[in-house]
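Student: Handing you a structure now.
In the numbering used here, the protein residues as written are 12 to 337.
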């Protein structure tokens with residue numbers, strides 16, 4: 012029998028079980044260990060703050076029963092996740108099994124996440140609150156990245172979800188994170204280095220998959236019709252769009268064919284098109300001078316006014332408030 016919880020109840024359980032949780036030690040003042048609630052199972056979560064905007068989350072627990080958690084709409088930071096052991100499903104029901112990794116980000120609709128009992132869940136997540144931090148590492152290679160990846164880095168509020176296979180080289184870095192032999196400052200530097208190594212390997216994997224697929228894609232007339240249907244779905248739901256996988260399922264394509272086909276038909280990515288459409292709707296609303304910038308941001312699907320401002324300025328060269336004033 013599965014345990015079914017809302018996201019609020021789920022996090023309250025963790026908080027109640029860790030009311031007296033303290034930092035592990037003075038030497039590791041950036042690390043917090045939270046024990047798994049007894050009602051759910053045994054184990055822990057370790058959160059390690061590496062520097063401002065970058066943190067590492069290690070899941071290691073056994074569930075006593077299958078667990079189902081209903082999450083309301085939320086905005087994810089840019090997350091690189093690696094499923095080392097155990098089975099989970101998330102977002103649109105896409106399973107994440109042992110040996111898989113995922114890259115996700117953006118404003119997402121309500122979802123149900125499921126975790127299975129019987130096998131220890133071990134997962135390593137790397138969170139980047141500010142994806143622009145990647146720019147200092149990839150500045151010289153930025154133009155080599157697929158357009159969708161560029162837009163993911165520039166505007167992490169766009170929904171994004173991609174699954175990959177954890178390679179042996181990634182596995183070595185993950186084991187080094189789980190078995191870090193250092194403490195204090197050395198530990199901080201060591202773990203951050205391993206996180207950037209995993210991020211680089213995952214981006215390299217993503218670029219390679221785009222390159223391989225783009226060489227062999229030939230669209231059939233039916234594919235083109237479905238891609239036009241995807242565009243119509245985006246326009247109808249531009250303020251709360253489905254994830255890429257959800258959109259692909261709605262129109263009857265796999266997500267890779269949708270991504271590459273959309274670019275062939277419209278000359279931009281799925282969420283590049285959505286971004287341009289959102290910005291044009293925002294510009295029209297501001298031109299009417301009936302709404303505040305915060306109201307327009309919410310109406311076109313941005314939960315964060317600051318992210319909306321950055322996106323608008325990138326598109327039109329001025330901030331929404333300046334555009335409204337003029």
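Beta carbons: idealized from backbone N, C-alpha and C, even for Gly.
Taking the Cβ atom as the reference point for each residue, do residue 56 and residue 65 lie within a distance shorter than 8 Å?
Tutor: As a working mapping, residue 56 is identified with position 45 in the chain shown. As a working mapping, residue 65 is identified with position 54 in the chain shown. It is not a contact, given that the beta carbons lie outside the stated cut-off.
Student: Count the CB pairs spanning the region 232-245 and the region 258-266 that are closer than 8 Å, and state whether there are at least three.
Tutor: Yes: at least three Cβ pairs fall under 8 Å.
Student: Return helix, strand or coil for residue 108, following the three-state DSSP convention.
Tutor: As a position in the chain shown, residue 108 is number 97, starting the count at 1. Residue 108 falls in the coil class under three-state DSSP.
Student: Determine the direct distance from the alpha carbon of residue 194 to that of residue 312, and round the result to whole angstroms.
Tutor: As a working mapping, residue 312 is identified with position 301 in the chain shown. As a working mapping, residue 194 is identified with position 183 in the chain shown. Going from the Cα of residue 312 to the Cα of residue 194 covers about 43 Å.
Student: What's the C-alpha gap between residue 217 and residue 91?
Tutor: Residue mapping note: residue 217 aligns to position 206 of the chain shown, counting from 1. Residue mapping note: residue 91 aligns to position 80 of the chain shown, counting from 1. Between residue 217 and residue 91, the C-alpha separation is close to 12 Å.
Student: Whose C-alpha, out of 182, 296, 207, 284, is nearest the C-alpha of residue 112?
Tutor: For the purposes of this step, residue 112 is identified with residue 101 of the chain shown, where counting begins at 1. Looking at the Cα atoms, 182 is the closest of the given residues.
Student: Quick one, which of 294, 29, 22, 211 has its alpha-carbon nearest residue 2's?
Tutor: Coverage of the chain is limited to positions 12 through 337, which leaves residue 2 absent and any answer about it impossible.
Student: In whole angstroms, what separates the C-alpha of residue 327 from that of residue 291?
Tutor: Walking along the chain shown from the start, residue 327 turns up at place 316. Walking along the chain shown from the start, residue 291 turns up at place 280. Distance between the alpha carbons of residue 327 and residue 291: 10 Å.
Student: For the beta strand (DSSP E) containing residue 42, list its first residue and its last residue.
Tutor: The residue you call residue 42 lines up with position 31 of the chain shown. Residue 42 -> beta strand (DSSP E) spans 42-46.
Student: Evaluate residue 130 with the Cβ neighbour count: other Cβ atoms within 10 Å of its Cβ, from every protein chain shown; 16 or more gives buried, anything less gives exposed.
Tutor: Here residue 130 refers to the residue found at position 119 when the chain shown is read from its first residue. It counts as exposed.
Student: Taking the continuous alpha helix (DSSP H) assigned at residue 289, which residues delimit it?
Tutor: In the chain shown, the residue the question calls residue 289 occupies position 278. Per DSSP, residue 289 belongs to the alpha helix (DSSP H) from 281-299.
Student: With respect to the beta strand (DSSP E) encompassing residue 131, which residues constitute its N-terminal and C-terminal limits?
Tutor: Locating residue 131 in the chain shown gives position 120, where the first residue counts as 1. Per DSSP, residue 131 belongs to no beta strand (DSSP E) and is neither H nor E.
Student: Taking Cβ to Cβ, would you say residue 331 is nearer than 8 Å to residue 293?
Tutor: Numbered from 1 along the chain shown, position 320 holds the residue referred to as residue 331. Numbered from 1 along the chain shown, position 282 holds the residue referred to as residue 293. Cβ atoms of residue 331 and residue 293: closer than 8 Å.
Student: Run through DSSP, which three-state label would residue 64 get?
Tutor: Here residue 64 is taken as the residue at index 53 of the chain shown, counted from 1. Here residue 64 sits in coil by DSSP.
Student: Which residue's Cα is closest to the Cα of residue 124: 203, 270, 27, 21?
Tutor: As a first step, residue 124 is located in the chain shown; it is residue number 113 there, counting from the start. Answer by Cα proximity: 21.
Student: Whole angstroms is fine: what's the gap from residue 315's alpha carbon to residue 199's?
Tutor: Sequence index remark: in the chain shown, residue 315 carries index 304 (1-based). Sequence index remark: in the chain shown, residue 199 carries index 188 (1-based). When rounded, the distance between both Cα atoms is 30 Å.
Student: Verify whether the separation of the beta carbon atoms of residue 276 and residue 258 is less than 8 Å.
Tutor: By one-based count along the chain shown, residue 276 stands at place 265. By one-based count along the chain shown, residue 258 stands at place 247. Contact flag unset, no.
Student: Alpha carbon to alpha carbon, how far is residue 26 from residue 334? Give it in angstroms, no decimals.
Tutor: Sequence index remark: in the chain shown, residue 334 carries index 323 (1-based). Sequence index remark: in the chain shown, residue 26 carries index 15 (1-based). Answer to the nearest angstrom: the Cα atoms are 44 Å apart.
Student: Taking the alpha carbon of residue 96 as the point to measure from, which residue in 249, 317, 108 has its own alpha carbon closest?
Tutor: Residue numbering aside, residue 96 sits at position 85 when the chain shown is read from its first letter. Considering only alpha carbons, the answer is 108.
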